[in-house]
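The opening position of the sequence shown corresponds to residue 5 in this note's numbering, with each subsequent residue numbered one higher.
Glycine included, every Cβ here is placed at the ideal spot set by N, Cα and C.
Since we're looking at a predicted model, the values are computed, not measured.
Here's the structure, in structure tokens; my notes come after.
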Amino acid sequence: MRVVLLGVPGSGKGTHGRRLATALRVPLVATGDILRQAISEGTPLGRSAEADVKSGRLVPDATMLGLVGERLAAGDAARGFVLDGFPRTVPQAEGLGRILGERRLDRVVNLVVAAEVVVNRLKDRWLCGICGAIYNVASARPRTQGVCDRCGGMLKQRPDDRADTVRDRLVVYERETAPLVAYYERAGLLHNVDASATAERVYAAIAEAVGVAA
Ligand code: AP5
Ligand code: MG
């Protein structure tokens, strides 16, 4: 199964993408996670992307297409994948089509939620610095404050979750990524899900759209 999760920053792509990928037994390919990892390791990719990621601008399409092309060529993606955060522009969507060739996408799930909801969610988001697990001090608290339930790693906030940067990311989303909704609707792949409900209900709707047990 080859699935793309679309949606504004904070709509829940990472939260649900992990769970969905586990249920489908395919890798989660989250381009934001890959870039943050490269930044923390100081690789050439990380150094070239750092300023864009921290300020909420998009990394150039050519860089992203190279990165995703390489990732999807790996053996574990042969049975399918869940893409989170890619494609993010029409040229990226066209490039993904070329990368996939005969392999087609099965579903594009669009997580629909209002901007004011996500600004609040992102202010409360904490991430594990080791395994990347996602928490929220309002809706998905860790058992011990500041510590990851899964691996015991320290939780931290993302520099691009400051309210002013979140607003910039929402503007970028509207300009660059929102056109993909119509793009994938025309392709007959789009499935809208109300992402303002509780996380459990949102996941159940995604699972139904993709045809996997919730
Ligand atoms: P990326 O990491 O992809 O960030 P994003 O798209 O802005 O999305 P987020 O990760 O902020 O949100 P999410 O939808 O994953 O929400 P989450 O599940 O965490 O990209 C970061 C940057 O990398 C970009 O700005 C760009 O610079 C670069 N980049 C990445 N891909 C690129 C590309 N293809 N091209 C160019 N540049 C690229 O949930 C958010 C919070 O809400 C959590 O705290 C969670 O617990 C909580 N939550 C989730 N669902 C619910 C719910 N239903 N109810 C209550 N709380 C909820
Ligand atoms: Mg994410």
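In whole angstroms, what separates the C-alpha of residue i from that of residue j?
| i | j | result |
| --- | --- | --- |
| T181 | P91 | 8 Å |
| E212 | R190 | 21 Å |
| C135 | D37 | 10 Å |
| P62 | S15 | The sequence shown places Leu at residue 62, not Pro. The straight-line gap from Cα to Cα measures roughly 18 Å. |
| G157 | A137 | 9 Å |
| A217 | L28 | 9 Å |
| A208 | V7 | 16 Å |
| A41 | P64 | Correcting the residue type first, residue 41 is Gln in the shown sequence and not Ala. Taking the straight line from one Cα to the other gives about 18 Å. |
| R166 | K160 | 13 Å |
| G46 | Y177 | 27 Å |
| R147 | C155 | 12 Å |
| L71 | D56 | 16 Å |
| A142 | G215 | 30 Å |
Looking only at its chain, what residues have a beta carbon closer than 7 Å to the beta carbon of residue i, apart from the 5 residues adjacent to it on each side?
| i | result |
| --- | --- |
| V30 | M5, R83, G84, F85, V86 |
| A34 | G18, G21, D88, G89 |
| L32 | G21, R22, A25, V86, D88 |
| K58 | P163, D164 |
| I210 | H20, L24, V113, V197 |
From the options, pick the residue whose C-alpha is nearest to that of residue i; which is it?
| i | options | result |
| --- | --- | --- |
| L69 | T93, S59, V121, G50 | T93 |
| G11 | E120, R51, P146, L184 | L184 |
| A144 | C135, C155, G156, L131 | L131 |
| L126 | R102, I134, L174 | L174 |
| L100 | A118, D80, R75 | R75 |
| A199 | E120, C152, G79, V170 | E120 |
| S44 | Y139, G133, Q96 | G133 |
| D168 | G60, C152, R154 | G60 |
| R107 | P95, V122, R205, A77 | A77 |
| L109 | L193, L71, D128 | L193 |
Just checking residue i against the ligand MG - is the residue's beta carbon closer than 6 Å to any of the ligand's heavy atoms?
| i | result |
| --- | --- |
| K17 | yes |
| L36 | Going by the sequence as given, residue 36 is Gly instead of Leu. Within the cutoff, so yes. |
Beta carbon of residue i: closer than 6 Å to some heavy atom of the ligand AP5?
| i | result |
| --- | --- |
| P153 | Inspection of the sequence shows that residue 153 is occupied by Asp rather than by Pro. False, no ligand heavy atom lies under 6 Å from that Cβ. |
| I138 | yes |
| R147 | no |
| P13 | yes |
| D198 | no |
| L62 | yes |
| D56 | yes |
| F85 | no |
| S52 | no |
| A66 | no |
| S44 | no |
By Cβ distance below 6 Å, which residues in the same chain neighbour residue i in space, the five residues on each side in sequence not counted?
| i | result |
| --- | --- |
| G73 | I103 |
With a threshold of 8 Å on Cβ separation, who are the neighbours of residue i within its own chain once the five nearest residues in sequence on each side are excluded?
| i | result |
| --- | --- |
| A203 | G16, T19, H20, S143, A144 |
Would you be able to state if there are at least three C-beta pairs under 8 Å between the stretch 50-62 and the stretch 104-117? no
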